[in-house]
Every structure is written in C-alpha cells, then in structure tokens.
Amino acid sequence: MDAAAALLHQASASPPVSLAAFGKACGGVVTAVMMGTNRCYLTLGRQAGARHQRTTTSSYPLQEHYVHKFERARVAKDNTKNEWKEWRRVTRIPEEGKIPPARFIVERHEMFLSTLLAQLDSFLAEACTVLSDVVKTGHVQRNAVVALALTQGDLDLLVNFACSLRRAGMDPGTANIVVFGGDEVVVSVAKSLGFHAFTHAVVKEVPAKHAAYYGDAIFLDVMWLKTLAAWVVSRCGYDVLFQDVDVVWFQDPLSFFLDPAQSPPETDGFFVDDGARSERFSPYPANSGFFFLRHNPRTQHMLQSMLFLQDLVIQWGSHQSVFIQTLEAHVLRHGLTVQILSKDLFPGGYMFHHEKDKLNDVREGRLRPFMFHMNWTAFKKEKLENFAAAGMWYNDQCGVEDLVLSIESSAPTLTLDQCCLQF
C-alpha cells in the first residue's frame with residue numbers, strides 16, 4: 003500500500019488529513035479531494051517551475067493534472083458478511099485501464115501503422131484530391147466534410163443511409179459526404195448510390211466481411227479504418243463530421259454544426275451522448291460513432307493521437323473507451339473544448355431501449371431530430387431488427403450479397419431507385 007493510500011486509511015479511521023499531506027505522499031499538490039466511505043478521488047497538480055530552486059513557492063501557478071482514484075476492496079469474511087479492506091490506488095477504468103497491449107496486438111498495430119507511413123504521401127495526395135471535389139460539389143459552402151468508413155459487410159447499411167437522405171430531400175453527391183471504403187467493391191457500390199468514395203492500399207489488411215459481434219477481431223480491425231477516415235479529413239484541412247454507417251438522417255446535421263447560434267464557434271468538438279454512464283465510458287458520455295470536430299491544431303492533434311493507439315483499441319475491445327480517454331487527455335493537456343449534444347436532437351440506441359415514448363414521437367413525426375444512430379447492439383441482425391422496429395429501415399431489397407454481386411459480375415448496377423422503399 004503506497005503512502006497516499008496509507009493516509010486514506012488513516013483519514014477513514016480518524017479524519018482529517020491535510021491536503022498538504024496528501025500532496026506530499028502523491029508527489030505533487032492536491033487541490034481537491036472528493037472522498038466517500040469506500041472511494042476517493044484526488045485532483046493532483048504540480049507547481050509550475052518547481053524544478054527550479056526558489057526561496058518561496060507561493061507565486062507558482064498550479065498546473066492541473068489527472069484525477070487519482072483510490073478504493074477499498076470488499077471481500078467476504080467467514081462466508082457470512084463482507085468487510086472493507088485497506089485503501090489501494092486503482093486505475094480509473096477498472097475493466098481494462100491497467101492492461102497494456104499484448105505483444106501480438108502491438109505487432110498488429112505496427113503492421114497497420116507501417117503500411118500507412120510507407121505510403122503516406124500518396125495516401126494524402128489522393129485523399130485530399132477527393133475531399134477537395136467533395137467540398138466543391140457540396141451544397142454547404144464551407145470546408146466541412148461528412149466521413150463514413152465501412153467494409154463490404156455493411157453495404158446494406160450504407161444503402162439504408164442513402165435512402166434516408168432521399169427521404170429527407172438530400173442528394174448523396176451534394177451533401178458533403180465521402181465514403182472511405184475498405185476496398186474497391188465498397189467504392190463502386192458507394193459511387194453507384196451517388197456518394198463520393200475513396201479507398202487506398204493503406205487499408206488492404208482490413209477484413210472485408212462484417213464482424214460476428216461487437217468487439218470481435220474483425221470489428222476491432224475495422225476501427226482502424228474509422229480512425230484513419232476521421233484523421234485524414236482533418237489532416238487535409240477540413241472540419242470533420244464523422245459518423246458510423248448505422249445512422250439515418252432526418253435533417254442535414256451540418257446545418258446545425260455550421261450555425262454559430264446553435265454550435266458556439268469557440269467549441270472545438272461536439273459529441274453525441276451515448277447514454278452510457280459507466281466508468282468505462284467516462285468522464286464524457288461521448289459516442290465515437292457520431293462527432294463533429296472543427297479543424298484546428300487541437301482537434302488535429304487529438305485525431306493524430308488516435309492513430310498511435312490502435313493497439314489499445316484492440317486490447318481494450320473498444321474504440322469508444324480509448325477515444326474518450328484520449329479526449330479527456332487533450333482537454334486537460336491542450337485546452338480542447340467539447341460539448342455533449344442533446345439526446346433529443348441527436349438520439350441513438352439509448353432512446354430505442356429506454357425512451358419508447360420519444361421513439362414513437364420520432365416515428366410519428368412529432369419529434370424531428372437531425373439523425374438517429376442505431377448503436378447499443380451486439381450483433382448485426384439485432385441492428386437490422388431494431389431499425390425495422392423503429393420504422394427506420396428504408397432499404398427495400400438490396401442486401402450485401404446482391405450489392406457485391408452487382409459489382410463483381412456483369413449484372414446491372416443497383417441504384418437507389420431499385421433499393422429504396424417508396425414513400
């Protein structure tokens with residue numbers, strides 16, 4: 003048990019213990035303590051310039067650092083009742099926070115990263131050219147791009163998204179949208195639906211088929227494509243609205259993010275409220291499947307940081323968990339500013355499962371959000387069933403196999419006229 007934990011043990015028995023004592027034990031300056039019976043959080047700072055010898059420290063400005071967490075473990079005693087043991091320092095994310103990536107995962111990440119870096123110049127040149135065309139032909143006259151990333155296994159969801167645009171009176175080709183595909187088949191299907199689309203050899207190792215379930219090896223490899231898509235839009239100099247493909251639109255969300263009356267220009271990033279309130283997805287309930295980042299050095303650096311954390315994404319089994327921890331670090335270190343969006347305007351799986359009245363309002367047109375993200379699903383089949391139950395499945399007959407076959411054979415290319423339900 004370290005010195006800080008020992009002080010907590012003393013404090014729980016005979017409080018109080020001074021902040022100065024905690025700070026000395028932690029190697030810094032404790033500026034706040036939030037202590038319960040069995041859990042404690044310390045806000046630890048250091049004195050700027052403390053490495054220099056001075057006769058007084060009263061004028062040093064404090065630089066805030068991370069929150070340290072302590073808990074008392076609960077264990078069974080005599081098979082009849084529980085007792086609380088001594089305090090111990092714990093990682094803030096107990097499920098995976100203290101687990102570094104295994105060697106084979108590091109090597110998988112190194113393969114992705116080395117492939118990217120070896121072809122970085124050609125990748126950026128081609129991507130930036132495509133993005134320039136997206137902006138030039140878009141109806142929004144500003145440097146903002148909507149980016150989706152997907153493989154063949156989600157082509158039916160791409161059709162559903164395109165059909166939702168049609169229902170909302172929008173054209174996939176002029177809505178500032180680009181599809182980053184895992185291969186040329188995805189690009190061909192996307193273009194046949196009217197989207198701008200792009201792929202490159204840097205993603206050749208990403209599997210084409212859909213994941214069997216949330217968090218499996220295929221799912222986590224596809225997260226690399228997702229990270230890359232958001233990063234390259236920012237790297238080419240554009241504001242980025244990144245979204246997963248399991249989204250439908252009712253209104254153009256760019257109209258919200260580009261309106262200073264609704265989205266304060268001084269805010270760097272806007273994130274959908276995932277609905278989760280667990281420690282794993284904290285301190286921000288940000289969903290990594292729909293977010294808007296203004297292009298500036300802070301957001302670009304945050305997205306670039308994610309490029310070097312794919313090994314953690316694989317190890318932790320979650321892109322979102324790593325994304326939130328990176329977001330928190332950049333808020334603390336670099337002054338990144340964030341806002342969590344209204345669940346009524348930008349709803350998702352939480353509404354589907356826990357707010358049925360509001361879901362009915364959306365279905366009946368009494369509530370008109372900008373979009374709906376059908377997350378909170380473990381399997382693809384469940385996602386499709388939930389879309390249908392919510393009245394948001396607009397893809398009439400174009401399944402993944404049909405779409406792939408239309409590209410790989412001499413069969414006629416499927417179009418929105420053939421794929422979308424009439425309304």
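Be aware that the sequence shown starts at 3, since it is given in our numbering, and climbs by one per residue. Yeah, the Cβ is synthetic: ideal placement off N, Cα and C, and Gly gets one too.
- Note that the C-beta distance between residue 177 and residue 141 is below 9 Å.
- Less than 9 Å separates the beta-carbon of residue 227 from that of residue 208.
- According to the DSSP secondary-structure assignment, residue 395 is paired through a beta bridge with no residue.
- The C-beta distance from residue 291 to residue 245 rounds to 7 Å, short enough to fall under 8 Å.
- Note: residue 282 is not bridge-paired with any residue in the DSSP secondary-structure output.
- Scanning 347, 235, 322 for the CA closest to the CA of residue 251 turns up 347.
- The stretch 367-384 makes contact with the stretch 252-261; the number of CB pairs closer than 8 Å reaches 3 or more.
- Taking a contact to require three or more Cβ pairs closer than 8 Å, the stretch 309-316 and the stretch 279-286 do not qualify as touching.
- Here residue 231 is buried, its C-beta having at least 16 other C-beta atoms within 10 Å.
- Going by beta carbons, residue 345 and residue 275 fall inside the 9 Å limit.
- For residue 183, the uninterrupted beta strand (DSSP E) segment begins and ends at 179-183.
- If you draw a straight line from the Cα of residue 382 to the Cα of residue 116, it comes to about 31 Å.
- Excluding sequence positions up to five before and after residue 375, its CB lies within less than 8 Å of the CB of 245, 246, 248, 249, 274, 289, 291, 292, 348, 349, 350, 351, all in the same chain and listed in chain order.
- Setting aside the 5 residues that flank it on each side, residue 406 is surrounded in the same chain by 154, 157, 187, 191, each with a C-beta closer than 8 Å to its C-beta; the list follows chain order.
- For the beta strand (DSSP E) assignment, the uninterrupted runs of no fewer than 3 residues enclosed by the stretch 310-342 are, from N- to C-terminal side, 340-342.
- Within the DSSP bridge table, the entry for residue 375 names 249, 350 as partners.
- Beta-bridge pairing by DSSP links residue 422 to 397.
- DSSP places residue 241 in the strand class (E or B) of the three-state scheme.
- In the DSSP assignment, residue 127 falls within the alpha helix (DSSP H) that extends over 122-139.
- For residue 402, there is no enclosing beta strand (DSSP E); the residue is part of the alpha helix (DSSP H) that begins and ends at 402-410.
- When C-alpha distances from residue 92 are compared across 101, 111, 72, the shortest belongs to 72.
- Under DSSP, residue 73 takes part in a beta bridge, and its partners are 41, 90.
- Using a C-beta cut-off of 8 Å, the stretch 291-307 makes no contact with the stretch 101-109, since fewer than three inter-stretch Cβ pairs fall below that distance.
- A buried status is given to residue 236, since no fewer than 16 other beta-carbon atoms sit within 10 Å of its beta-carbon.
- Here residue 339 is exposed. Its C-beta has fewer than 16 other C-beta atoms within 10 Å.
- DSSP places residue 147 in no alpha helix (DSSP H) but in the uninterrupted beta strand (DSSP E) bounded by 146-152.
- In this structure, residue 194 sits near residue 417, with a CB-CB distance shorter than 9 Å.
- Rounded to the nearest angstrom, the gap between the Cα atoms of residue 309 and residue 334 is 19 Å.
- In the same chain as residue 328, and ignoring 5 residues on each side of it, the C-beta atoms closer than 8 Å to its own belong to 304, 307, 308, 311, in chain order.
- Shown here for residue 408: same chain residues with a beta carbon closer than 8 Å to its own, the five before and five after excluded, namely 191, 194, 414, 415, 416 in chain order.
- Assignment of residue 295 by DSSP, reduced to helix, strand and coil, places it in the strand class.
- Secondary structure at residue 363: helix, using DSSP grouped into helix, strand and coil.
- Nearest in C-alpha terms to residue 164, of all of 411, 404, 269, 398, is 398.
- Close CB contacts of residue 421 within its chain, under the 7 Å cut and outside five residues either way in sequence, are with 161, 165, 397, 398, 399, 400 (chain order).
- Leaving aside the five residues that flank residue 402 on each side, the residues in its chain whose CB is nearer than 7 Å to its CB run, in chain order, 154, 155, 157, 158.
- According to the DSSP assignment, residue 275 belongs to the beta strand (DSSP E) that extends over 271-275.
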